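In the working numbering, the protein residues as written are 32 to 759.
Positions of the beta carbon are idealized from the N, C-alpha and C atoms, including for glycine.
The structure displayed is predicted, hence computed values, not measured ones.
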């Protein structure tokens, strides 16, 4: 079961239990070890006197696996079985628990958990191993080189003892500056197919503590009455009818006037009281556009000169090459707004302790954001704010907003009370779908010229859509020369060798509130790149797999070779080109978050009567697969997430108000939508890269290519169900 505590509480608990070995890092990043709460370090590994080893996990668990992956690294280096290591979530402290790929910021996202922790956690585990061995060598009077640790037992010839016997003496030693990391040939856990998730049992038996499970003594439940259109402000409210609801306590306008907080004794009473509340709104600054208007703005931008020449190409020369080609393939695409729709709706609980500290209980994806916001809201120093990170029932990016939206909302709902009672903020599914943040709408316009030999001679690509990063705290590192890289990732950095490419980008006004969504810009760029590669292959009269491989021929380019590797493996495992009559296959391959994924989708049926997805074959190269079971699960989940959304889903606006409200009209993937998924992992000696998101980008274009081959319907506007395709 996971435990969440503050740094000081954590260390006090360790000291009270007797001898303890703490290994972590100082604020300068150097390895450090200690045995007491006065130590100036934040631990990654804790070993108690009884030999219990705990990994302090700095990335939050939303189902993607760091609560298994990071303990695996430590257990491997020390020499433990997986049942001999526990985990706790790290306290909010960006000085040491920062994401090394984000800068001075603690957070989980961008499929970076394993990539940025790979060496850090292995070094901590290796340091623990060497210190325990050194302590045993001194006690036994033997050479440390002859001592090993296997399954938590320290061994040297005929001598053996559990690691707990040497915790106290090891804690008095200085940690090695550069501990020896085990070679891949020594791995027993990393890459082991038999290693299963650490959190499966507690999730299955109900012991797991999600943010929604927090119930503090004397807490109130708060729900927010928000405007129908984003940006409206409260001018007044009447709670006369709310007072008739049993359990209703009170209502108050939030300090930022963005809504009215309704307080009740329980969730159902809060829902009823909020529904009964009458609110007057000032909508003069609110979103008022319809979806058709937003789409028209984006399409219009595609027909104009782009604001940014992303790759500094000679656009005129590229256009001339295309115009002079034997065949020109041209398509325009539109991608609507999409909701994240995690299974656990947003929620968090806030309380004030007797000594004035503010405590937030939250499935916090980026704790640094609310930590900084709370310093301003409550006027407190950082050490007076504590964030207890809980498990989260999904996120897909929604729990990590640049403005810490729902955590700030909870703080504002709390700060207007007398703070004598904890406040639990709860969003309903309808709240999140109608008042949340969305994958931005985007359009693409592509022209490809192909010569008589079937070769690409020019590729002109225009992108227009709503920047995620501009105007946020992440703009400084995500936007360069005016270009938000998240808008064109997957095109600008594609490993394909494409001669004569010109890439342009235009930002359009944001619709309501936009946010990264599982695989961010790759959600739309991969779809366009991979459906256009199929169209180009067809126009050239070449096989889609062979055509792609012909653009990945540089033997000295690791990017191209790894992308080609997954492409070949997926085609081989899917028995590419050999399907029963009445079926077809589509393929797509894409690099995102450092990983390479190719997918073959096999379909049957008819676009009018109903398409059935018979099988998805996936090949992934994510470097060393620390936990193959987790990698497969993430590929399966990413495939389902990508396919499910392009099949049926979109967020539309009428007068600025979201039309969809819940799963009946924003339908998630059903278990019967995909008959089978087969995942193959390429063995690798490269450092681990992301797996939480890379399965999503190629899934939709592989499906689109299969449908086009089967029925001739080329879907360029999404979702598919609204644009000529039905599903069985």
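Runs of beta strand (DSSP E) lying entirely within the stretch 480-545, each at least 3 residues, in chain order: 487-496 and 532-538
Any non-hydrogen atom of the ligand FMN within 6 Å of residue 87 CB: Inclusion of the ligand FMN in the displayed structure is not the case, the ligand content being empty and no account of it being possible.
Residue range of the beta strand (DSSP E) that includes residue 645: 641-652
Residue range of the beta strand (DSSP E) that includes residue 191: 190-193
Alpha carbon of residue 337 to alpha carbon of residue 495, nearest angstrom: 8 Å
Closest residue to residue 60 among 268, 482 and 129 (Cα-Cα distance): 129
Buried or exposed (CB count within 10 angstroms, at least 16 for buried), residue 216: exposed
Collapsed DSSP secondary structure at residue 585 in the structure displayed: coil
Burial state of residue 69, where buried means 16 or more other Cβ atoms lie within 10 Å: Interpretation of residue 69 is limited by its pLDDT of 48, a score under 50 that renders its predicted location unreliable; the figure taken from the coordinates is listed afterwards. The residue in question, residue 69, is exposed, as its Cβ has fewer than 16 Cβ neighbours within 10 Å.
Between the CA atoms of residue 536 and residue 519 - distance to the nearest angstrom: 8 Å
Residues of its chain near residue 182, where Cβ-Cβ distance is below 6 Å and the 5 sequence neighbours each way are ignored: 112
Short Cβ contact (7 Å threshold) for residue 331 with residue 723: no
Member of 110, 194 and 140 whose CA lies at the smallest distance from the CA of residue 426: 140
Inter-residue Cα distance where the pair is residue 251 and residue 381: 10 Å
Reduced DSSP secondary structure (H/G/I, E/B, other) of residue 692: coil
Assigned exposure category for residue 759 - 16 Cβ within 10 Å defines buried: exposed
Chain-order list of residues whose beta-carbon lies under 6 Å from that of residue 230 (same chain, five-residue window excluded): 98
Residue 456 - containing beta strand (DSSP E), residue span: 454-457
Sub-7 Å separation of residue 670 and residue 719 beta-carbons: Taking 7 Å as the Cβ cut-off, residue 670 and residue 719 do not qualify as a contacting pair.
Any beta strand (DSSP E) of 3 or more consecutive residues that is wholly inside the stretch 217-279: 251-256 and 264-269
Cβ neighbours of residue 147 in the same chain (closer than 7 Å, five flanking residues each side left out): 130, 131 and 132
Closest residue to residue 192 among 586, 612 and 179 (Cα-Cα distance): 179
Selected residue, minimal CA-CA separation from residue 515, among 532, 627, 546 and 526: 546
6 Å Cβ shell around residue 739 - same chain, five flanking residues per side excluded: 745
Same chain, Cβ closer than 6 Å to residue 575, five either side skipped, listed in chain order: 565, 568 and 618
Per DSSP, the bridge partner or partners of residue 282: 293
Bridge partner(s) assigned by DSSP for residue 62: 56
Proximal residues to residue 461 (C-beta, below 8 Å), its chain only, five neighbours per side dropped: 692 and 693
With 16 other Cβ atoms within 10 Å as the buried cut-off, status of residue 94: Residue 94 comes out buried.
At least three beta-carbon pairs within less than 8 Å, the stretch 594-605 to the stretch 693-702: Touching, no.
Test item: CB-CB of residue 481 and residue 562 under 7 Å: Not in contact: residue 481 and residue 562 (Cβ atoms no closer than 7 Å).
Status (buried if at least 16 other CB within 10 Å, exposed otherwise) for residue 274: Classified as exposed, residue 274 has fewer than 16 neighbouring CB atoms from the shown chains inside 10 Å of its CB.
Inter-stretch contact at 8 Å, needing at least 3 Cβ pairs: the stretch 282-299 / the stretch 243-263: yes
The stretch 477-493 touching the stretch 397-414, judged by at least three CB pairs closer than 8 Å: no
Residue ranges of each beta strand (DSSP E) within the stretch 386-431, 3 or longer: 389-393 and 416-420
Nearest candidate by alpha-carbon position, reference residue 653, set 80, 473 and 714: 714
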